[in-house]
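Peer 1:
In our numbering, the protein residues as written are 131 to 286.
What follows is the structure in C-alpha coordinates.
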(Lines of atoms letter the chains of each structure in order from A; the text may use other names.)
(Lines give C-alpha, C1' and ligand atoms only; values in the text may rest on other atoms or scores of the structure.)
Protein backbone atom coordinates (compact mmCIF):
# COMPACT_ATOMS: atom_id res chain seq x y z
CA UNK A 131 0.00 0.00 0.00
CA UNK A 132 1.44 3.35 -1.02
CA UNK A 133 1.01 6.53 0.98
CA UNK A 134 -1.63 7.86 -1.43
CA UNK A 135 -3.84 4.76 -1.69
CA UNK A 136 -5.75 5.67 1.46
CA UNK A 137 -7.12 8.67 -0.49
CA UNK A 138 -8.55 6.49 -3.27
CA UNK A 139 -12.24 5.72 -2.78
CA UNK A 140 -13.41 5.02 -6.35
CA UNK A 141 -12.25 3.01 -9.35
CA UNK A 142 -10.57 4.74 -12.27
CA UNK A 143 -12.99 6.21 -14.79
CA UNK A 144 -13.18 4.66 -18.28
CA UNK A 145 -10.30 5.35 -20.67
CA UNK A 146 -12.23 7.91 -22.81
CA UNK A 147 -12.90 9.98 -19.68
CA UNK A 148 -9.22 9.89 -18.68
CA UNK A 149 -8.12 10.87 -22.18
CA UNK A 150 -10.60 13.76 -22.24
CA UNK A 151 -9.26 14.98 -18.90
CA UNK A 152 -5.64 14.69 -20.07
CA UNK A 153 -6.50 16.89 -23.06
CA UNK A 154 -7.62 19.65 -20.68
CA UNK A 155 -4.36 19.69 -18.71
CA UNK A 156 -2.39 22.88 -19.41
CA UNK A 157 0.96 21.16 -18.91
CA UNK A 158 2.30 18.99 -21.70
CA UNK A 159 2.01 15.26 -21.03
CA UNK A 160 3.87 12.61 -23.01
CA UNK A 161 3.64 8.94 -22.05
CA UNK A 162 6.02 6.70 -23.99
CA UNK A 163 7.90 3.43 -23.86
CA UNK A 164 11.63 2.88 -24.06
CA UNK A 165 11.27 1.75 -27.69
CA UNK A 166 9.93 5.23 -28.54
CA UNK A 167 6.29 4.27 -29.05
CA UNK A 168 3.94 6.94 -27.70
CA UNK A 169 0.91 5.92 -25.62
CA UNK A 170 -0.33 9.44 -24.87
CA UNK A 171 0.48 12.96 -26.04
CA UNK A 172 -1.97 15.65 -25.00
CA UNK A 173 -2.76 18.84 -26.91
CA UNK A 174 -0.44 20.95 -24.74
CA UNK A 175 2.60 18.79 -25.50
CA UNK A 176 1.66 18.74 -29.17
CA UNK A 177 1.50 22.54 -29.13
CA UNK A 178 4.80 22.91 -27.24
CA UNK A 179 6.81 20.30 -29.08
CA UNK A 180 4.93 20.01 -32.34
CA UNK A 181 6.63 22.69 -34.42
CA UNK A 182 10.16 21.85 -33.34
CA UNK A 183 9.46 18.11 -33.53
CA UNK A 184 8.05 18.42 -37.06
CA UNK A 185 11.07 20.47 -38.13
CA UNK A 186 13.36 17.72 -36.85
CA UNK A 187 11.33 15.03 -38.66
CA UNK A 188 11.21 12.80 -35.57
CA UNK A 189 8.51 11.27 -33.40
CA UNK A 190 7.82 12.94 -30.05
CA UNK A 191 9.74 10.40 -27.95
CA UNK A 192 12.79 10.39 -30.24
CA UNK A 193 12.80 14.18 -30.40
CA UNK A 194 12.59 14.38 -26.60
CA UNK A 195 15.52 11.96 -26.23
CA UNK A 196 17.67 14.23 -28.40
CA UNK A 197 16.63 17.25 -26.38
CA UNK A 198 17.34 15.71 -22.96
CA UNK A 199 20.80 15.86 -21.38
CA UNK A 200 22.74 12.60 -21.95
CA UNK A 201 22.27 11.39 -18.37
CA UNK A 202 18.56 12.25 -17.96
CA UNK A 203 17.10 8.89 -19.00
CA UNK A 204 19.70 6.99 -16.98
CA UNK A 205 18.98 9.20 -13.96
CA UNK A 206 15.25 8.48 -14.37
CA UNK A 207 16.01 4.73 -14.58
CA UNK A 208 18.11 4.79 -11.41
CA UNK A 209 16.07 7.22 -9.31
CA UNK A 210 12.61 7.05 -10.87
CA UNK A 211 12.62 10.69 -11.99
CA UNK A 212 14.59 13.54 -13.55
CA UNK A 213 13.78 17.22 -13.94
CA UNK A 214 15.37 20.23 -15.57
CA UNK A 215 14.83 23.03 -18.04
CA UNK A 216 15.00 22.42 -21.78
CA UNK A 217 15.11 24.75 -24.78
CA UNK A 218 12.12 24.18 -27.05
CA UNK A 219 12.28 26.41 -30.07
CA UNK A 220 12.75 29.95 -28.77
CA UNK A 221 11.32 29.17 -25.32
CA UNK A 222 12.36 27.25 -22.26
CA UNK A 223 10.23 24.57 -20.63
CA UNK A 224 10.52 22.84 -17.29
CA UNK A 225 10.53 19.10 -17.87
CA UNK A 226 9.80 16.37 -15.33
CA UNK A 227 10.56 12.84 -16.48
CA UNK A 228 9.31 9.82 -14.53
CA UNK A 229 10.16 6.18 -15.20
CA UNK A 230 8.48 2.94 -14.18
CA UNK A 231 9.35 -0.59 -15.19
CA UNK A 232 6.73 -3.32 -15.39
CA UNK A 233 7.43 -6.86 -16.61
CA UNK A 234 10.68 -5.76 -18.25
CA UNK A 235 9.02 -2.88 -20.12
CA UNK A 236 10.11 0.67 -19.22
CA UNK A 237 7.49 3.40 -19.36
CA UNK A 238 8.22 7.12 -19.16
CA UNK A 239 5.94 10.02 -18.32
CA UNK A 240 7.24 13.44 -19.33
CA UNK A 241 5.49 16.57 -18.06
CA UNK A 242 6.28 19.98 -19.56
CA UNK A 243 5.51 23.46 -18.27
CA UNK A 244 6.38 26.58 -20.20
CA UNK A 245 8.52 29.19 -18.53
CA UNK A 246 6.68 32.40 -19.28
CA UNK A 247 8.85 35.48 -19.10
CA UNK A 248 12.04 36.42 -17.35
CA UNK A 249 10.56 36.25 -13.83
CA UNK A 250 9.58 32.59 -14.21
CA UNK A 251 12.99 31.77 -15.63
CA UNK A 252 14.78 33.53 -12.77
CA UNK A 253 12.54 31.84 -10.20
CA UNK A 254 13.37 28.47 -11.75
CA UNK A 255 17.09 29.27 -11.67
CA UNK A 256 16.81 30.26 -8.00
CA UNK A 257 15.06 27.00 -7.20
CA UNK A 258 17.77 25.00 -9.01
CA UNK A 259 20.43 27.00 -7.16
CA UNK A 260 18.79 26.18 -3.82
CA UNK A 261 18.63 22.48 -4.73
CA UNK A 262 22.31 22.49 -5.70
CA UNK A 263 23.22 24.30 -2.49
CA UNK A 264 21.41 21.67 -0.41
CA UNK A 265 23.18 18.88 -2.28
CA UNK A 266 26.51 20.64 -1.73
CA UNK A 267 25.85 20.98 2.00
CA UNK A 268 24.92 17.29 2.25
CA UNK A 269 28.11 16.37 0.40
CA UNK A 270 30.21 18.51 2.75
CA UNK A 271 28.58 16.89 5.78
CA UNK A 272 29.26 13.44 4.39
CA UNK A 273 32.88 14.38 3.67
CA UNK A 274 33.34 15.63 7.23
CA UNK A 275 31.91 12.40 8.65
CA UNK A 276 34.21 10.36 6.40
CA UNK A 277 37.23 12.38 7.52
CA UNK A 278 36.28 11.88 11.18
CA UNK A 279 35.89 8.14 10.58
CA UNK A 280 39.30 7.98 8.92
CA UNK A 281 40.89 9.90 11.81
CA UNK A 282 39.28 7.60 14.35
CA UNK A 283 40.41 4.54 12.39
CA UNK A 284 43.99 5.79 12.23
CA UNK A 285 44.02 6.53 15.99
CA UNK A 286 42.41 3.30 17.06
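Note that CB positions come from ideal geometry on N, CA and C, so glycine has one too.
Taking C-alpha atoms, which residue in 264, 240 and 244 lies nearest to residue 220?
Peer 2: Considering only alpha carbons, the answer is 244.
Peer 1: Are the region 141 to 160 and the region 221 to 241 in contact at 8 Å, needing three or more beta carbon pairs?
Peer 2: The region 141 to 160, when compared against the region 221 to 241, does touch it at the 8 Å Cβ threshold.
Peer 1: What residue range is occupied by the uninterrupted alpha helix (DSSP H) comprising residue 153?
Peer 2: Per DSSP, residue 153 belongs to the alpha helix (DSSP H) from 145 to 154.
Peer 1: Please determine, among 139, 169, 156 and 173, the residue with the shortest C-alpha to C-alpha distance to residue 145.
Peer 2: Of the listed residues, the one whose Cα sits closest to residue 145 is 169.
Peer 1: Here's a check: name, in chain order, each residue in its chain whose Cβ is nearer than 6 Å to the Cβ of residue 230, leaving out the five neighbours to either side.
Peer 2: Contacts found: 237.
Peer 1: Straight-line CA distance for residue 172 to residue 150?
Peer 2: Cα to Cα, the separation comes out at about 9 Å.
Peer 1: Helix, strand or coil: which one does DSSP assign to residue 169?
Peer 2: DSSP places residue 169 in strand when its eight states are reduced to three.
Peer 1: Are residue 179 and residue 190 closer than 8 Å when you measure CB to CB?
Peer 2: Yes, these two residues count as a Cβ contact at 8 Å.
Peer 1: Compare the beta carbon distance of residue 285 and residue 254 with 8 Å and say whether it is the shorter of the two.
Peer 2: Cβ atoms of residue 285 and residue 254: not closer than 8 Å.
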